[in-house]
Amino acid sequence: MFIPFFLDIGTRSGRCYSPWIISDICPILPNKAPLRARRPFDLESALARAASAKDEGEADVDEVEVETELAAEGETVTDLNLQHLADDASASTYHTQTSASTDSEPSTNLDTPQDPQIGPVRSKDARRQQLRAETRQKFRAKRRQKCEEEARTGAPPSLKKVVLKRVASSQPLPATQFNLDTARVGINGWTGPRVKGAEGPVPLEEAVEDEKMTLYNWDGESCCPILDNQDRVVAVLAGRPQGSNWKGLMSEAANKIARTRDRIHFTDKQLNNGRGKFPAISVGVSYGGGRQEPGNVAQSSAAVLTLLTGLLAYQCFLSLSDFANGKSV
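Going by full-length UniProt numbering, the first residue of the sequence shown is number 1, and it counts up by one from there.
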(Lines of atoms letter the chains of each structure in order from A and count residues from 1; the text may use other names and numbers.)
(Lines give C-alpha, C1' and ligand atoms only; values in the text may rest on other atoms or scores of the structure.)
Protein backbone atom coordinates (compact mmCIF):
# COMPACT_ATOMS: atom_id res chain seq x y z
CA MET A 1 0.00 0.00 0.00
CA PHE A 2 1.38 3.41 -1.00
CA ILE A 3 1.09 5.94 1.81
CA PRO A 4 0.94 9.62 0.79
CA PHE A 5 1.71 11.78 3.79
CA PHE A 6 2.31 15.44 4.59
CA LEU A 7 5.43 16.73 6.32
CA ASP A 8 5.93 20.23 7.64
CA ILE A 9 9.72 20.48 7.72
CA GLY A 10 11.31 23.60 9.16
CA THR A 11 14.75 25.15 8.83
CA ARG A 12 17.21 25.63 11.66
CA SER A 13 16.40 29.34 11.75
CA GLY A 14 12.72 28.69 12.39
CA ARG A 15 11.38 29.28 8.90
CA CYS A 16 9.19 26.68 7.21
CA TYR A 17 9.43 25.12 3.79
CA SER A 18 6.40 25.11 1.58
CA PRO A 19 4.28 21.96 2.15
CA TRP A 20 4.83 19.01 -0.13
CA ILE A 21 3.17 15.64 -0.65
CA ILE A 22 5.35 12.73 -1.59
CA SER A 23 2.67 11.21 -3.83
CA ASP A 24 2.83 14.32 -6.03
CA ILE A 25 6.60 14.04 -6.33
CA CYS A 26 6.74 10.29 -6.92
CA PRO A 27 3.51 9.31 -8.70
CA ILE A 28 2.63 5.66 -9.09
CA LEU A 29 3.55 4.52 -12.59
CA PRO A 30 2.50 1.20 -14.18
CA ASN A 31 6.08 0.10 -14.85
CA LYS A 32 7.57 1.44 -11.62
CA ALA A 33 7.44 -0.13 -8.18
CA PRO A 34 5.84 2.22 -5.61
CA LEU A 35 7.71 3.46 -2.55
CA ARG A 36 6.77 1.52 0.55
CA ALA A 37 7.47 2.25 4.19
CA ARG A 38 8.90 -0.37 6.50
CA ARG A 39 6.25 -2.49 8.16
CA PRO A 40 7.25 -1.67 11.78
CA PHE A 41 7.39 2.05 10.90
CA ASP A 42 4.91 4.16 12.90
CA LEU A 43 4.62 7.72 11.59
CA GLU A 44 2.87 9.17 14.64
CA SER A 45 5.43 7.70 17.03
CA ALA A 46 8.29 9.00 14.89
CA LEU A 47 6.87 12.52 14.87
CA ALA A 48 6.36 12.38 18.64
CA ARG A 49 9.96 11.26 19.21
CA ALA A 50 11.26 14.00 16.93
CA ALA A 51 9.28 16.68 18.77
CA SER A 52 10.53 15.37 22.13
CA ALA A 53 14.14 15.36 20.93
CA LYS A 54 13.75 18.93 19.67
CA ASP A 55 12.42 20.11 23.02
CA GLU A 56 15.29 18.46 24.86
CA GLY A 57 17.84 19.98 22.46
CA GLU A 58 16.47 23.49 22.84
CA ALA A 59 16.72 23.18 26.63
CA ASP A 60 20.46 22.43 26.45
CA VAL A 61 21.39 26.04 25.59
CA ASP A 62 20.58 29.07 27.68
CA GLU A 63 19.81 31.92 25.28
CA VAL A 64 20.48 34.51 27.98
CA GLU A 65 24.02 33.23 28.48
CA VAL A 66 24.68 33.27 24.75
CA GLU A 67 23.37 36.81 24.41
CA THR A 68 25.52 37.98 27.35
CA GLU A 69 28.65 36.40 25.90
CA LEU A 70 28.15 37.91 22.44
CA ALA A 71 27.28 41.31 23.89
CA ALA A 72 30.62 41.29 25.72
CA GLU A 73 32.35 40.90 22.36
CA GLY A 74 30.49 43.90 20.96
CA GLU A 75 28.03 41.87 18.91
CA THR A 76 24.36 42.63 18.53
CA VAL A 77 22.41 39.40 18.43
CA THR A 78 18.94 39.24 16.97
CA ASP A 79 16.33 36.65 17.80
CA LEU A 80 17.12 34.97 14.51
CA ASN A 81 20.83 34.61 15.31
CA LEU A 82 20.07 33.28 18.83
CA GLN A 83 17.83 30.60 17.40
CA HIS A 84 20.58 29.71 14.91
CA LEU A 85 23.16 29.31 17.71
CA ALA A 86 20.79 27.23 19.81
CA ASP A 87 20.15 24.89 16.91
CA ASP A 88 23.91 24.51 16.29
CA ALA A 89 24.47 23.51 19.92
CA SER A 90 21.85 20.76 19.67
CA ALA A 91 22.91 19.50 16.25
CA SER A 92 23.46 15.93 17.51
CA THR A 93 19.79 15.49 18.44
CA TYR A 94 18.41 17.84 15.82
CA HIS A 95 19.26 15.63 12.82
CA THR A 96 16.25 13.39 13.59
CA GLN A 97 13.80 16.27 13.45
CA THR A 98 11.17 16.15 10.67
CA SER A 99 9.18 19.20 11.73
CA ALA A 100 10.32 22.42 13.35
CA SER A 101 8.58 25.29 15.08
CA THR A 102 9.66 28.03 17.44
CA ASP A 103 7.84 29.74 20.26
CA SER A 104 8.77 33.12 18.89
CA GLU A 105 8.89 32.62 15.12
CA PRO A 106 11.04 35.26 13.40
CA SER A 107 9.54 37.52 10.80
CA THR A 108 9.46 36.08 7.27
CA ASN A 109 9.51 39.56 5.75
CA LEU A 110 12.55 39.81 3.52
CA ASP A 111 12.65 43.58 3.98
CA THR A 112 13.34 43.23 7.71
CA PRO A 113 16.79 44.74 8.37
CA GLN A 114 19.30 42.22 9.67
CA ASP A 115 22.67 42.74 11.26
CA PRO A 116 25.47 42.88 8.68
CA GLN A 117 27.55 39.74 8.40
CA ILE A 118 31.27 40.15 8.92
CA GLY A 119 33.18 38.80 5.92
CA PRO A 120 36.84 38.00 5.37
CA VAL A 121 39.37 40.79 5.63
CA ARG A 122 40.22 42.16 2.19
CA SER A 123 43.82 42.36 1.05
CA LYS A 124 45.65 45.61 0.43
CA ASP A 125 45.44 45.10 -3.32
CA ALA A 126 41.66 44.68 -3.16
CA ARG A 127 41.25 47.81 -1.02
CA ARG A 128 43.58 49.72 -3.34
CA GLN A 129 41.58 48.66 -6.41
CA GLN A 130 38.33 49.71 -4.78
CA LEU A 131 39.83 53.08 -3.83
CA ARG A 132 41.02 53.63 -7.38
CA ALA A 133 37.61 52.72 -8.76
CA GLU A 134 35.88 55.14 -6.39
CA THR A 135 38.38 57.91 -7.25
CA ARG A 136 37.90 57.31 -10.97
CA GLN A 137 34.13 57.39 -10.57
CA LYS A 138 34.28 60.70 -8.66
CA PHE A 139 36.57 62.19 -11.33
CA ARG A 140 34.23 61.16 -14.14
CA ALA A 141 31.21 62.53 -12.29
CA LYS A 142 33.02 65.83 -11.71
CA ARG A 143 34.06 66.04 -15.35
CA ARG A 144 30.53 65.22 -16.52
CA GLN A 145 29.12 67.93 -14.26
CA LYS A 146 31.63 70.43 -15.63
CA CYS A 147 30.72 69.59 -19.24
CA GLU A 148 27.02 69.97 -18.48
CA GLU A 149 27.65 73.35 -16.86
CA GLU A 150 29.64 74.52 -19.89
CA ALA A 151 26.86 73.35 -22.20
CA ARG A 152 24.24 75.30 -20.24
CA THR A 153 26.25 78.51 -20.17
CA GLY A 154 27.37 78.23 -23.80
CA ALA A 155 31.04 78.47 -22.85
CA PRO A 156 33.56 76.69 -25.09
CA PRO A 157 34.83 73.37 -23.75
CA SER A 158 37.90 73.66 -21.57
CA LEU A 159 41.08 72.10 -22.95
CA LYS A 160 44.03 70.55 -21.21
CA LYS A 161 47.12 72.67 -20.66
CA VAL A 162 49.18 70.57 -23.05
CA VAL A 163 46.51 71.02 -25.74
CA LEU A 164 46.49 74.78 -25.22
CA LYS A 165 50.26 74.73 -25.52
CA ARG A 166 50.10 72.89 -28.84
CA VAL A 167 47.41 75.28 -30.12
CA ALA A 168 49.59 78.26 -29.25
CA SER A 169 52.57 76.74 -31.08
CA SER A 170 50.57 75.88 -34.23
CA GLN A 171 51.04 77.75 -37.51
CA PRO A 172 47.67 78.79 -39.03
CA LEU A 173 47.39 78.77 -42.83
CA PRO A 174 44.77 81.30 -44.01
CA ALA A 175 42.70 80.49 -47.10
CA THR A 176 41.45 84.00 -47.79
CA GLN A 177 39.44 83.05 -50.89
CA PHE A 178 37.42 80.32 -49.18
CA ASN A 179 34.23 80.82 -47.15
CA LEU A 180 32.70 77.84 -45.40
CA ASP A 181 29.21 79.36 -45.55
CA THR A 182 29.17 79.37 -49.36
CA ALA A 183 30.95 76.04 -49.86
CA ARG A 184 29.06 73.40 -51.79
CA VAL A 185 28.36 70.12 -50.03
CA GLY A 186 27.03 66.77 -51.14
CA ILE A 187 23.59 65.44 -50.39
CA ASN A 188 24.87 63.66 -47.28
CA GLY A 189 26.16 66.92 -45.81
CA TRP A 190 29.60 65.51 -44.99
CA THR A 191 31.55 65.74 -48.26
CA GLY A 192 31.76 68.04 -51.21
CA PRO A 193 30.02 67.23 -54.50
CA ARG A 194 31.95 65.41 -57.16
CA VAL A 195 33.08 67.60 -60.03
CA LYS A 196 34.51 66.66 -63.36
CA GLY A 197 38.25 67.06 -63.34
CA ALA A 198 41.37 65.93 -65.08
CA GLU A 199 41.78 62.24 -65.69
CA GLY A 200 45.43 62.25 -64.66
CA PRO A 201 47.64 64.08 -62.19
CA VAL A 202 47.70 67.86 -62.49
CA PRO A 203 51.14 69.49 -62.68
CA LEU A 204 52.08 71.68 -59.72
CA GLU A 205 52.46 74.86 -61.75
CA GLU A 206 49.06 74.38 -63.38
CA ALA A 207 47.37 73.76 -60.03
CA VAL A 208 48.84 76.90 -58.51
CA GLU A 209 48.19 79.20 -61.46
CA ASP A 210 44.96 77.93 -63.01
CA GLU A 211 43.16 76.52 -59.94
CA LYS A 212 44.14 79.50 -57.77
CA MET A 213 45.76 77.34 -55.13
CA THR A 214 48.51 78.33 -52.72
CA LEU A 215 51.67 76.29 -52.18
CA TYR A 216 52.94 75.86 -48.62
CA ASN A 217 56.19 74.18 -47.67
CA TRP A 218 55.14 71.93 -44.80
CA ASP A 219 57.68 69.93 -42.82
CA GLY A 220 55.16 67.17 -42.02
CA GLU A 221 55.69 67.50 -38.28
CA SER A 222 54.23 70.82 -37.10
CA CYS A 223 50.49 71.36 -36.62
CA CYS A 224 48.98 73.74 -39.18
CA PRO A 225 45.23 74.55 -39.06
CA ILE A 226 43.74 75.84 -42.33
CA LEU A 227 41.39 78.82 -41.83
CA ASP A 228 38.74 80.31 -44.11
CA ASN A 229 38.25 84.04 -44.55
CA GLN A 230 36.27 84.12 -41.27
CA ASP A 231 39.15 82.53 -39.29
CA ARG A 232 37.27 79.26 -38.90
CA VAL A 233 39.21 75.98 -38.93
CA VAL A 234 38.15 73.96 -41.97
CA ALA A 235 41.06 71.47 -42.06
CA VAL A 236 44.15 70.61 -40.04
CA LEU A 237 47.57 69.39 -41.05
CA ALA A 238 48.01 67.41 -37.84
CA GLY A 239 51.70 66.63 -38.18
CA ARG A 240 52.94 64.23 -35.53
CA PRO A 241 52.76 64.03 -31.74
CA GLN A 242 55.60 65.01 -29.46
CA GLY A 243 57.96 62.13 -28.73
CA SER A 244 61.16 60.64 -30.04
CA ASN A 245 59.75 57.16 -30.72
CA TRP A 246 57.07 58.18 -33.23
CA LYS A 247 59.24 57.47 -36.26
CA GLY A 248 60.05 54.00 -34.95
CA LEU A 249 56.37 53.26 -34.31
CA MET A 250 55.41 54.24 -37.85
CA SER A 251 58.24 52.13 -39.30
CA GLU A 252 56.95 49.18 -37.29
CA ALA A 253 53.41 49.81 -38.57
CA ALA A 254 54.64 49.82 -42.18
CA ASN A 255 56.48 46.52 -41.66
CA LYS A 256 53.42 44.91 -40.04
CA ILE A 257 51.23 45.98 -42.97
CA ALA A 258 53.74 44.62 -45.50
CA ARG A 259 53.89 41.21 -43.80
CA THR A 260 50.11 41.01 -43.47
CA ARG A 261 49.56 42.00 -47.11
CA ASP A 262 51.13 38.76 -48.36
CA ARG A 263 48.65 36.67 -46.37
CA ILE A 264 45.45 38.30 -47.69
CA HIS A 265 43.64 37.54 -50.95
CA PHE A 266 42.25 40.87 -52.18
CA THR A 267 39.06 41.29 -54.18
CA ASP A 268 38.89 43.27 -57.42
CA LYS A 269 37.24 46.18 -55.61
CA GLN A 270 40.03 46.26 -53.05
CA LEU A 271 42.70 46.20 -55.76
CA ASN A 272 41.04 48.94 -57.87
CA ASN A 273 40.13 51.56 -55.30
CA GLY A 274 40.08 55.33 -55.29
CA ARG A 275 42.86 55.68 -52.72
CA GLY A 276 45.80 54.86 -54.97
CA LYS A 277 47.57 52.19 -56.98
CA PHE A 278 47.74 49.75 -54.08
CA PRO A 279 45.30 47.33 -52.41
CA ALA A 280 43.22 48.78 -49.59
CA ILE A 281 40.79 47.24 -47.11
CA SER A 282 38.24 49.22 -45.11
CA VAL A 283 38.33 48.29 -41.44
CA GLY A 284 36.84 49.71 -38.27
CA VAL A 285 33.65 51.66 -37.61
CA SER A 286 31.77 53.06 -40.60
CA TYR A 287 29.01 55.67 -40.71
CA GLY A 288 28.11 55.26 -44.38
CA GLY A 289 26.92 52.57 -46.74
CA GLY A 290 23.23 53.12 -45.97
CA ARG A 291 23.61 52.22 -42.29
CA GLN A 292 20.98 53.37 -39.84
CA GLU A 293 23.61 53.52 -37.09
CA PRO A 294 27.42 53.25 -36.90
CA GLY A 295 28.80 49.73 -37.17
CA ASN A 296 31.92 47.73 -37.97
CA VAL A 297 32.76 47.11 -41.61
CA ALA A 298 32.12 43.49 -42.61
CA GLN A 299 35.08 41.54 -44.00
CA SER A 300 35.13 39.01 -46.82
CA SER A 301 36.06 36.07 -44.58
CA ALA A 302 36.73 35.14 -40.98
CA ALA A 303 40.43 34.67 -41.78
CA VAL A 304 40.75 38.26 -43.01
CA LEU A 305 38.93 39.52 -39.93
CA THR A 306 41.33 37.58 -37.68
CA LEU A 307 44.38 39.00 -39.47
CA LEU A 308 43.12 42.59 -39.30
CA THR A 309 42.11 42.27 -35.64
CA GLY A 310 45.56 41.00 -34.72
CA LEU A 311 47.21 43.71 -36.81
CA LEU A 312 45.35 46.56 -35.13
CA ALA A 313 46.20 45.18 -31.68
CA TYR A 314 49.87 46.19 -32.01
CA GLN A 315 51.02 49.23 -30.03
CA CYS A 316 52.07 51.11 -33.18
CA PHE A 317 48.48 51.15 -34.45
CA LEU A 318 47.10 51.95 -31.00
CA SER A 319 49.39 54.99 -30.83
CA LEU A 320 48.29 56.08 -34.30
CA SER A 321 44.63 55.73 -33.31
CA ASP A 322 45.17 57.73 -30.11
CA PHE A 323 46.77 60.56 -32.07
CA ALA A 324 43.97 60.58 -34.66
CA ASN A 325 41.37 60.74 -31.86
CA GLY A 326 43.17 63.57 -30.05
CA LYS A 327 44.22 61.46 -27.06
CA SER A 328 47.91 62.20 -27.58
CA VAL A 329 49.45 65.46 -28.73
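Glycine is no exception: its CB is placed at the ideal position from the N, C-alpha and C atoms.
Among the options, which residue has its Cα nearest to the Cα of residue i?
i    : options                   : result
S282 : L131, Q299, K138 and Q230 : Q299
A303 : H265, E199, N325 and L271 : H265
A198 : E206, Q177 and D125       : E206
G284 : P193, N273, L271 and G310 : G310
K212 : G200, R128, T176 and G295 : T176
Y216 : P174, D210 and R232       : P174
D219 : Q292, N255, S170 and R128 : S170
C147 : V195, L159 and N325       : L159
A254 : Y287, Q315 and G288       : Q315
P172 : V208, L312, P203 and I226 : I226
C224 : V167, T182 and K247       : V167
K327 : V163, G289 and N272       : V163
P201 : K277, L47 and L305        : K277
L308 : G288, T182, D268 and A258 : A258
Please check the pair residue i and residue j, which I expect to be a contact at CB under 8 Å, by giving their CB distance rounded to whole angstroms.
i    : j    : result
P241 : F323 : 5 Å
P279 : R261 : 7 Å
D228 : V236 : In fact, because the Cβ distance is near 13 Å, the residues do not count as touching under 8 Å.
G239 : S222 : 5 Å
Q230 : N179 : 7 Å
R295 : S301 : For the record, residue 295 in the displayed sequence is Gly; it is not Arg. Contact doesn't hold; Cβ gap of about 18 Å is too wide.
How would you label residue i, buried or exposed, when you count the other beta carbons within 10 angstroms and need 16 or more for buried?
i    : result
S123 : exposed
S45  : exposed
S244 : exposed
S319 : buried
L249 : buried
Under three-state DSSP, which class holds residue i?
i    : result
A235 : strand
L271 : helix
S244 : coil
S286 : strand
G186 : coil
G295 : strand
G276 : strand
T260 : helix
G326 : coil
R49  : helix
G192 : coil
F266 : coil
V202 : coil
A303 : helix
A313 : coil
L318 : helix
Just to confirm, does residue i get its C-beta within under 7 Å of one of the non-hydrogen atoms of the ligand SAH?
i    : result
E293 : The ligand SAH is absent from the structure shown, which contains no ligands of any kind.
Item checked: Within the segment 120 to 180, ranges of the alpha helix (DSSP H) (whole runs, at least 4 residues) -> Listed in chain order, they are 124 to 153 and 161 to 169.
Next item on the list: Scan the segment 204 to 230 and note each continuous beta strand (DSSP E) run of 3 residues or more that stays entirely inside, going in chain order.
Entry: Along the segment 204 to 230, the beta strand (DSSP E) occurs as fully enclosed runs of 3 or more residues at 224 to 227, listed in sequence order.
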